[in-house]
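Enquirer: Protein chains in written order, with the numbering used here: chain A, 439 to 778; chain B, 426 to 756; chain C, 303 to 536; chain D, 558 to 824; chain E, 115 to 484. Glycine included, each C-beta is placed from N, C-alpha and C at the ideal position. For clarity, every value in this text was computed on a predicted model and none was experimentally measured.
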Amino acid sequence: MNGDARGLLVLGLGALIGTLTLLGINKWLQRFRGIPVLSSFTLYLIGALITGAAAVYLGNQLNPLLTPLLGSVAEPGPLNSPVAQQVIYFLAVILAGIFAAQISFLFGLPVLTLGSDYFGIATLGFTIVVNTLMINSDTILPFPEMKGGRGMIGIPKLTTWFSAFFFMMAVIIIMRNLVHSSTGRSIVAVREDEIAAKAMGIDVAGAKLMSFVVGSFFAGIGGAVYAHYIGFLSPGTFNFLAGFNPLIIVVFGGLGSMTGTIAASFGWIFFLEGMLRVLLSQMGTEAPTWRFVLYPITLLLLMLIRPQGLFGSIEWGFLKGPEFITAPRQQPEPAHKSAI
Amino acid sequence: MKNPTLFAQIFISGLQLGFVYAMIALGYTMVYGIVKLINFAHGDVFMVGAFASYYAVAKYRLHQWPASAFPGINPTLSVLIGSITVILLSMLVCVILAITIERVAYKPLRDAPRISALITAIGVSFFLEFYGALNFVFSPRFIPYERPFEVVAWYIKNGIHLVMPGQQAPENSVTFSNIFLIIIGVSVLIQLFLQYLVRRTKIGIAMRACSYDRQAARLMGIDVDRVISFTFAVGAAFAGAGGVLYAIAYSLIWTQLGILPGLKAFVAAVLGGIGSIPGALVGALIMGQAEAMTMGYISTPMRDAVAFTILIIVLLLRPTGIFGEPEKEKA
Amino acid sequence: MLEVHNLNVYYGAIHALQGISFHVEEGEIVTLIGANGAGKSTTLRTISGLLRTRTGYIRYKGRDITNTPAQEIVKMGISHVPEGRKIFAPLTVRENLLMGAYTRNDPNEIQRTMERVFASFPRLKERINQLGGTLSGGEQQMLAMGRGLMSRPTLLLLDEPSMGLSPILVEEIFRIIQEINQQGTSILLVEQNAHMALSIAHRAYVLETGRIVLSGTAKEVAENPMVKAAYLGV
Amino acid sequence: METSATSTSPTVLEIRGLTKFFGGLAAVRNFDLTLKHGELVGLIGPNGAGKTTVFNMITGLYVPTSGEIFFNGTNIVGLEPHEITRMGIARTFQNIRLFPNLTVLDNVRIAYHPHCGYTLSDGLLRTSRFNIKEKELTEQALDFLSIFQLDRIYNETAKNLPYGEQRRVEIARALACNPKLLLLDEPAAGMNPREIIELMDLIHFIRERFNLTILLIEHQMRVVMGICEWITVMDFGQVIARGTPKEIQENPLVIEAYLGKGVTHAA
Amino acid sequence: PSSGGGGGEAQAKELKVAILAPLSGPVPTFGVSTRDGALMAIDEWNAKGGVLGMKIVPIVEDSQCTPDPAVNAANKVIDQDGVKFIIGEVCSKASIPVSEIANAKGVLQISPTSTNVSVTVDSQGKVKPYIFRACFIDPFQGQVGAKFAWEKLGAKKAFIMLDQANDYVKGLAEEFEKAFTALGGEIVGKATYTDKDTDFSAILAQIADAKPDVVYLPDYYNIVNLVMKQAKEKGINVPFVGGDGWDSADLDLAAADGGFFTNHYSPDDPRPEVQNFRKAYGEKYKDENGNPKVPDALAALAYDATNLLLEAINQAGTTDTAKVKDTLEKIKFSGVSGQITFDANHNPIKSAVILAVKDGAVRFETVVNP
Ligand SMILES: Nc1ncnc2c1ncn2[C@@H]1O[C@H](COP(=O)(O)OP(=O)(O)OP(=O)(O)O)[C@@H](O)[C@H]1O
Ligand SMILES: Nc1ncnc2c1ncn2[C@@H]1O[C@H](COP(=O)(O)OP(=O)(O)OP(=O)(O)O)[C@@H](O)[C@H]1O
Ligand SMILES: CC(C)C[C@H](N)C(=O)O
Ligand SMILES: [Mg+2]
Ligand SMILES: [Mg+2]
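Spelled out as structure tokens, the structure:
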């Protein structure tokens, strides 16, 4: 394989991972149209850090115990076999998702009673608080393994093309099924009008919490996959500005459309990374800056031309909801006439 | 308290920070109030204000125009007039910038989903930061800022005394500077002006009317676009003034200097109750003190955690901020 | 005084008005009646500049005001009291009324108009410092009318002023409409309560799915058998 | 017009001493009301009398300052709105509250959420139960829509409908909540006389068909006088009169406060 | 068409060398000097016919002195360009994560200036076989700073300012503290900040309150500019001492006036290697006004590191990184910044200089030998 093809592969993997995270957030935005829910990026971080920390920590603690199982580099033991590693990796990713979901549950429980914009702002606050704590996790919190703002190194790089794709498909299918179920409808109803939703027998707080937690679960999974892809993690990567990226992508793709989110996240990564490569050869030092000059301009133009996003609320192929209306209904005999 | 003078010193720096935040927070509050848009570019307008004054002073020496136009003028008066000119010029630059942004980027999206406008605002913010960072625009670096007037400091110890240039204030004294006084003065004036504008003048009431229902406002004969532009302009003018004072106070500028103060000011506005003008001030002062106290007594890296924890707690206790009116909705 | 010719108005793909023409003369009360979704509100919104027409023209006192922005229309003396009242909820009653007089500048004149509004709606004077949003439905309707009058219009567009009002207030409102009219303001009235509308109007138009299907004096229209069946429920 | 409602029917709703203050203002004061099964009762009164506030308290959107509300014998004061709905009380809103960006069909299907018949995991896994139930409820929702002659526009976005159709969607949606007690807040507002007559028929029809008890707020005297068996009149938060439509129409207090002299021609 | 791929393609005509330098981000002068120094060395080798008959192709990536972009850049050059030799990164906090990747993939990395211990050794204290550096390490640098403060400045009480999230700053601060207290000094206060901070008044108030004899500020020049400017305005006249992070054309000389810092070399060093290098560099690179640029330590070390790498490849006679690394371990190399031989942890033993910022210029103060 020549270098360029390999480059594409790397980019593609990045795009997959991006997609994975973003889907988690899309879910959210569908409900909170109009609010930047930034904390999903934090949860993404939490997911990432938790697997990372667990990997490093457990590695250190269990090393002596596991040596017979792990074997040495020359003679790998049973746990060090690629299969065993992958199994552990899959469990770790799912655990990270669960953990992120739990954190968001605890945070969401009190905060979800806030009005929509205030909720968004509280999550922004949450993002920053968690990020700050992460940066200080080695000095203030008792997690020296996480190395605080200096970042964790040496996380096993276990994410493969296959596993990223697997998780992405899983998330997409779960999302699709959720959105087109009664629960999905109730979440949308809450977004549209809380009071009316209450009057329809929908537990508004519950629905909010539900969507929040599901979104966080996906974000946690995304984070874990990312952690095991990049092999290095630092909280600085997940600051509140970076938290806008998923938001931008989701809006770009079209708020009501999963198809759009998927397309936009691939497009976004190719666009930004591709732009850097192209520019770098021509602009030298200023290339990274130019990239962030051109990128908002593109964004602006797109928003002005298609404010509803690339796909609006169009859904393609198997992402569409199931159709239960069998035959076109003809004008019925007005039933009530008989009652008079 | 171990050391009361240290506390007082920290309190003063928190106060100064708080009043700077207040100047930015007002713009956020006003714009949010009227178009329900978190104008993320506002912090960058603040930055442009700082840069405008930098060019006016360092490149064009505008702060010295009275002295060169009328030789023999009282030097204090000259500095005063010159500095005011610089501030007004920066405000003007910011106003023009903000109106342009509003026209080009936000107005076409007025009927689009709110989130589209928000994304656009983030885009504009990125653009200003990075376009400014190009070498032929401003610079990617930190630039030392030349002040239009000199810092004069006083210390309090058995009365108020002047600190001689180049010398240290005596031990156990609390110092403050003319910049501190100016920031507070300007900030309070702006506050009063706005309060009057919004509560008492026709355009102020029209701003609130537009904020509630634009269609209905148009039926009253209100030129909604003008009112919105006006709101952006007023907010930008204050941010511009804030930018100049911030640059004078910390005397180093770069193109991303608006991000964090912008964010903090926005949070301050929320803390105080977004839409409320006294709320913006109170929220900003709380933010300023929270940060200063954390930096002084806990540790600097923790200050955002503390400030934002306060935000979350306040929101839990008063879901619409300290001065915010409860979200009234008749079912 | 107001002449509307061949309006075609669209909401996206929906063709809401399909070539509407009518006129209102000085001192008249003209009513538009029609079923739900016939396009009555759309007609008013087009006249007051909230919507644009693709074809045709609107003339007011001989001037072409087609597709003029709403704020300009108000200055020319047309005031639109919208469907659903559209009170500024966070503003007090007084501030709401002041907004009605936004295009005017003389404070004394404005004060005088406000007194006249209070004379018509004494309830509003009692509540002058209450927030608009906390008024009851009827009070809000009074405020909306009062606010519409604050610009001292020569033509008042009223969109379903009786909706949601108690019977006694419905009568009251119609009485006030007549009063306003007698003081020299022409009125274009959109109503579901065809009974009442026809009883005070001089002339009437019947609108059906974006077209005018019938016109004439109020009396003629009220006696039309089709109207009787469809709109008067007799 | 005689219906099954008699004094021997069981009590569905009983309100005792209900009071609500907004700040210093008593929007509702010491309000009592009893509804028997199958009754169709009107609640009228001048604007601002507190009628909607009573509805808001019954449905749990406002918490009463004091008083009790018994629904089928249970005190529902303090319950969450969605719990109350699930017990069998559905309503419409005076100022229509549809889910504006959703289709007509989805507006109605949302009301099935508490009793959709499948669990979240069925939905996530697309089990056969999900498919069967979802199909069932879609059919049913369309049936409701067809009663209101809305089935042909099931795919329209709610906010684009004319006012009168929106009102009908709202009633259809309330019915889909599977209520025993239906609260209608000014259902005829914005309808023309012909549509009002149709609406009256509809209200009758759904009461029979779904075995409902209905409490109705309305300013159109034709509706109230035409279909209600009993009427309660409020003013300044208090009950000023109760009785049959005929009695109410002749009650001088009501005429003075509410009906005015010209009432006769409206009925 | 590239030939990057797997090991030992002897017939390759090109040798790709990646240069990871912070061209943008908080400390761009580090990146520019490093790139220029490395490219100068590569140009010189190419002029002489390359190494082992191969033309050297530099691949410059902007790593921003920030872990994530640096890791991405490293992944890109390794996976996409098939690079097997990396010069960089400059900053320890970026070099450390890069070293993990490089070491795991058997890519040889020489950091010219990353002084933190963890660059070449892992968390268990074992050396990373494929990672080297061309500079001294922080335990030594911290010691030099402490000794200077204690002996030359006569300081008894020191105040330390540090950014916890920067490996270099944190490490150096710790080493300084150790050395200074060992000498008998007292640390009267420690304050942390982040690299996002611009307002240091609270810390400066603490300093004024603690009345130290010296403030140790081992951060990069961007932070130094901010802090010292505000300190001057607060009337704090205590001398500041720092590390090699101060070395930049963008150091605000007025603000930093009266400060001292430890560094790898001084361009005023009269040794002919230094003066020849300075001259050649100045001819090749000009500043905005067209005057010859004076190479700072970053340029000198990047130049040395690149030469070191190419020399090792030359001596090993192969581009197999396993062999080159063995050669490096035993190499004796004489560079602009001094003699380089590696200890067991792949760290060269080198002397340090102390520079003083005085009256708008940076002046050579003393040399300190290990
Ligand atoms: N904002 C809108 N978007 C799309 N279609 C609209 C919109 N507003 C109105 N319509 C459509 O335009 C047509 C005319 O509506 P209009 O509101 O003018 O009717 P109306 O006669 O005032 O009815 P009503 O008595 O219910 O108020 C209707 O078919 C309606 O569905
Ligand atoms: N959330 C609230 N806050 C303050 N006052 C309120 C609130 N809701 C209702 N009110 C007041 O309570 C009184 C009763 O209001 P309510 O809406 O119940 O009247 P109503 O009888 O339904 O009138 P209408 O027929 O006009 O709809 C009114 O004076 C109203 O202003
Ligand atoms: C260029 C130098 C200031 C880099 C520093 N020695 C570090 O390790 O981060
Ligand atoms: Mg209408
Ligand atoms: Mg009501």
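For chain E, find out if any of its Cβ atoms is closer than 7 Å to the Cβ of A/Gly563; answer yes or no.
Expert: Working through the first sequence from its first residue, we reach residue 563 of chain A at position 125. Not an interface residue.
Enquirer: Tell me which residue opens and which closes the beta strand (DSSP E) that B/Leu710 is part of.
Expert: Locating residue 710 of chain B in the second sequence gives position 285, counting from the first residue. Run containing B/Leu710: none in the beta strand (DSSP E); it sits in the alpha helix (DSSP H), 702-722.
Enquirer: Label B/Tyr446 either buried or exposed according to how many other C-beta atoms from any shown protein chain fall within 10 Å of its C-beta, with 16 as the threshold for buried.
Expert: Your numbering for residue 446 of chain B matches position 21 in the second sequence. Per the 10 Å Cβ criterion, buried.
Enquirer: Which residues, taken in chain order from the region 606-632 of chain A, show a beta carbon closer than 7 Å to some beta carbon of chain D?
Expert: Ile612, Asn615, Leu616, Ser619, Ser620, Thr621, Arg623, Ser624, Val626, Ala627, Glu630, Asp631
Enquirer: Closer than 7 Å between beta carbons: that is the criterion. Which residues of the region 436-468 of chain B meet it against chain C?
Expert: From the region 436-468 of chain B, no residue has a Cβ closer than 7 Å to chain C.
Enquirer: Is there at least one Cβ from chain E nearer than 7 Å to A/Ser672's Cβ?
Expert: The residue you call residue 672 of chain A lines up with position 234 of the first sequence. By this cut-off, A/Ser672 is an interface position.
Enquirer: At the level of alpha carbons, what is the spacing between D/Ile797 and D/Ala698?
Expert: On the fourth sequence, position 240 is the one that residue 797 of chain D refers to. On the fourth sequence, position 141 is the one that residue 698 of chain D refers to. Their backbone Cα atoms lie some 40 Å apart in a straight line.
Enquirer: Would you say E/Asp195 lies against chain B (beta-carbon separation less than 7 Å)?
Expert: Working through the fifth sequence from its first residue, we reach residue 195 of chain E at position 81. Closer than 7 Å: no.
Enquirer: Determine the DSSP secondary structure at C/Arg418, reduced to helix, strand or coil.
Expert: For the purposes of this step, residue 418 of chain C is taken as the residue at position 116 of the third sequence. The answer is helix: DSSP assigns C/Arg418 an H, G or I state.
Enquirer: When burial is assigned at 16 or more other CB atoms within 10 Å of the CB, is C/Glu411 buried or exposed?
Expert: Your numbering for residue 411 of chain C matches position 109 in the third sequence. Exposed, because fewer than 16 other Cβ atoms sit within 10 Å of the Cβ of C/Glu411.
Enquirer: Taking the continuous beta strand (DSSP E) assigned at D/Val585, which residues delimit it?
Expert: Counted from its first residue, the fourth sequence places residue 585 of chain D at position 28. Taken as a continuous stretch (DSSP letters only), the beta strand (DSSP E) holding D/Val585 covers 582-593.
Enquirer: Near B/Ile449, which residues of its chain fall below 7 Å by C-beta distance, leaving aside the five closest residues on each side in sequence?
Expert: By one-based count along the second sequence, residue 449 of chain B stands at place 24. Cβ within range, chain order: His467, Gly468, Phe471, Ala664, Gly667, Pro686, Gly687, Ala690.
Enquirer: Could you compute how far the alpha carbon of A/Val567 sits from the alpha carbon of E/Asn339?
Expert: Here residue 567 of chain A corresponds to residue number 129 of the first sequence, with the count starting at 1. Here residue 339 of chain E corresponds to residue number 225 of the fifth sequence, with the count starting at 1. Roughly 28 Å between the two C-alpha positions.
Enquirer: Check for me: the alpha helix (DSSP H) holding C/Arg396 runs from which residue to which?
Expert: Stepping through the third sequence from its first residue, residue 396 of chain C is reached at position 94. Element bounds for C/Arg396: 395-402.
Enquirer: Is it a yes or a no for the region 423-437 of chain C touching the region 386-399 of chain C, going by three-plus beta-carbon pairs under 8 Å?
Expert: yes
Enquirer: Output, in sequence order along the chain, the residues in the region 594-622 of chain B whose CB is closer than 7 Å to any CB in chain C.
Expert: none
Enquirer: Excluding the 5 residues flanking E/Thr234 on each side, which residues of the same chain have their C-beta closer than 8 Å to its C-beta?
Expert: Position 120 of the fifth sequence, counting from 1, holds the residue named residue 234 of chain E. The answer, listed in chain order, is Ser213, Val241, Lys242, Ile245, Phe246, Arg247, Asn459, His460, Asn461.
Enquirer: In chain order, what residues of the same chain have a beta carbon less than 6 Å from the beta carbon of C/Arg361, not counting five sequence neighbours either side?
Expert: What you label residue 361 of chain C is simply residue 59 of the third sequence in a count that begins at 1. Closer than 6 Å at the Cβ level, and outside the excluded window around C/Arg361, lie Glu305.
Enquirer: Do D/Cys734 and D/Ala668 come within 7 Å of each other at the CB atom, strictly closer than that value?
Expert: The count along the fourth sequence starts at 1 and reaches residue 668 of chain D at position 111. The count along the fourth sequence starts at 1 and reaches residue 734 of chain D at position 177. Yes, Cβ-Cβ distance for D/Ala668 and D/Cys734 is below 7 Å.
Enquirer: Measuring only between beta-carbons, confirm whether D/Glu786 sits less than 7 Å from chain C.
Expert: Numbered from its first residue, the fourth sequence carries residue 786 of chain D at position 229. Cβ-Cβ to chain C under 7 Å: no for D/Glu786.
Enquirer: Measuring straight from C-alpha to C-alpha, what distance separates B/Thr501 and B/Glu596?
Expert: Here residue 501 of chain B corresponds to residue number 76 of the second sequence, with the count starting at 1. Here residue 596 of chain B corresponds to residue number 171 of the second sequence, with the count starting at 1. Going from the Cα of B/Thr501 to the Cα of B/Glu596 covers about 30 Å.
Enquirer: On a Cα-Cα basis, can you pick out the residue from B/Ile673, B/Val482, B/Phe561 that is closest to B/Phe605?
Expert: Numbered from its first residue, the second sequence carries residue 605 of chain B at position 180. The closest CA to that of B/Phe605, considering only B/Ile673, B/Val482, B/Phe561, is found on B/Ile673.
Enquirer: May I ask you to report which of helix, strand or coil DSSP gives D/Asp792?
Expert: Within the fourth sequence, numbered from 1, the residue matching residue 792 of chain D stands at position 235. In this structure, DSSP gives D/Asp792 an extended state, which the three-state scheme calls strand.
Enquirer: From this set, B/Leu559, B/Leu622, B/Gly507, B/Lys627, which residue's C-alpha is nearest B/Arg572's C-alpha?
Expert: On the second sequence, residue 572 of chain B is found 147 positions in, with the first residue counted as 1. The candidate whose alpha carbon is nearest that of B/Arg572 is B/Gly507.
Enquirer: Please tell me whether C/Gln480 has its Cβ less than 7 Å away from any Cβ of chain D.
Expert: Translated into positions along the third sequence, residue 480 of chain C becomes position 178. By this cut-off, C/Gln480 is not an interface position.
Enquirer: Quick one: does the C-beta of E/Asn186 sit closer than 6 Å to a heavy atom of ligand 2?
Expert: Walking along the fifth sequence from the start, residue 186 of chain E turns up at place 72. No, the Cβ of E/Asn186 stays beyond 6 Å of every heavy atom of ligand 2.
Enquirer: Please return the same chain residues whose Cβ sits closer than 6 Å to the Cβ of C/Leu334, not counting the five positions on each side in sequence.
Expert: Taking the third sequence and counting its residues from 1, one reaches residue 334 of chain C at position 32. Hits under 6 Å: Lys342, Val492, Tyr507, Leu509.
Enquirer: Check whether the Cβ of C/Glu385 lies closer than 6 Å to any heavy atom of ligand 4, and answer yes or no.
Expert: Residue mapping note: residue 385 of chain C aligns to position 83 of the third sequence, counting from 1. Yes, the Cβ of C/Glu385 comes within 6 Å of a heavy atom of ligand 4.
Enquirer: Got a sec? Which residues, its chain only, sit under 7 Å from D/Phe701 by beta carbon, not counting five neighbours each side?
Expert: Taking the first residue of the fourth sequence as 1, we reach residue 701 of chain D at position 144. Result list for D/Phe701: Val665, Ala729, Leu732, Ala733, in chain order.
Enquirer: Listed in chain order, which residues of the region 731-761 of chain D have Cβ atoms closer than 7 Å to some Cβ of chain C?
Expert: Glu743, Ala746, Gly747, Met748, Asn749, Pro750, Arg751, Glu752, Ile753, Ile754
Enquirer: With a threshold of 8 Å, are at least 3 pairs of Cβ atoms found where one atom belongs to the region 721-736 of chain B and the other to the region 556-564 of chain A?
Expert: Output reads yes: the region 556-564 of chain A touches the region 721-736 of chain B.
Enquirer: Considering just the uninterrupted stretch of the alpha helix (DSSP H) at D/Met748, what are its terminal residues?
Expert: Reading the fourth sequence from its first residue, position 191 is the one you call residue 748 of chain D. Note, D/Met748: premise wrong, no alpha helix (DSSP H); not H, not E.
Enquirer: As a quick exercise: from D/Asn613, D/Gly630, D/Asn652, D/Thr660, pick the residue whose alpha carbon is nearest that of D/Glu637.
Expert: Here the question's residue 637 of chain D lines up with position 80 in the fourth sequence. If we check each option's Cα against that of D/Glu637, D/Asn613 comes out closest.
Enquirer: Could you confirm whether any beta carbon from chain E is found closer than 7 Å to the beta carbon of A/Phe726?
Expert: As a working note, residue 726 of chain A is residue 288 in the first sequence. Here the sequence assigns Pro to residue 726 of chain A, which means Phe is not the residue at that position. Cβ-Cβ to chain E under 7 Å: yes for A/Pro726.
Enquirer: Taking contact to mean 3 or more Cβ pairs, one atom from each stretch, closer than 8 Å, check whether the region 639-657 of chain B and the region 362-381 of chain C are in contact.
Expert: yes
Enquirer: Give the range of the beta strand (DSSP E) segment to which C/Val508 is assigned.
Expert: Numbered from 1 along the third sequence, position 206 holds the residue referred to as residue 508 of chain C. Where C/Val508 is concerned, the enclosing beta strand (DSSP E) starts and stops at 505-510.
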